[in-house]
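Presented below is the structure to which this report refers.
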């Protein structure tokens, strides 16, 4: 399975929803809390090509985007293949 990194905030409902879907898929991930470690936010913005909102999700070398993007991949039947690549 691809390594997964997700930039989050504990106050973000979309972050919780994205993590819930990944857990349902049996995917383990590294979580980077930008509220607890604000120095990580500029890193997130750079990696996400200017994306400033959380979550920002990376699967392998692919910037998935946010929660809606993750669920769109799932609805399109493409998430499993991306996780397994």
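In this note's numbering, the protein residues as written are -16 to 68.
All C-beta atoms in this analysis are idealised placements derived from N, C-alpha and C, irrespective of residue type, glycine included.
#### Entry: Where residue 39 falls: helix, strand or coil (DSSP)
Here residue 39 sits in strand by DSSP.
#### Entry: First and last residue of the uninterrupted beta strand (DSSP E) at residue 16
Annotation for residue 16: the continuous beta strand (DSSP E) segment containing it runs 13 to 16.
### Query
For residue 38, which of -15, -13, -16, -8 has the nearest alpha-carbon?
In terms of Cα proximity to residue 38, the closest of -15, -13, -16, -8 is -8.
### Message
So, at 7 Å on beta carbons, what are the nonlocal neighbours of residue -16 in its own chain, with the 5 sequence-adjacent residues on each side left out?
### Response
Same-chain partners within the cutoff: 10, 66, 67.
### Message
For residue 19 and residue 29, what's the separation of their Cα atoms in angstroms?
### Response
Cα to Cα, residue 19 sits roughly 19 Å from residue 29.
### Burial state of residue 49, where buried means 16 or more other Cβ atoms lie within 10 Å
Counting every other CB atom within 10 Å of its CB across the protein chains shown gives residue 49 a total of 16 or more, marking it as buried.
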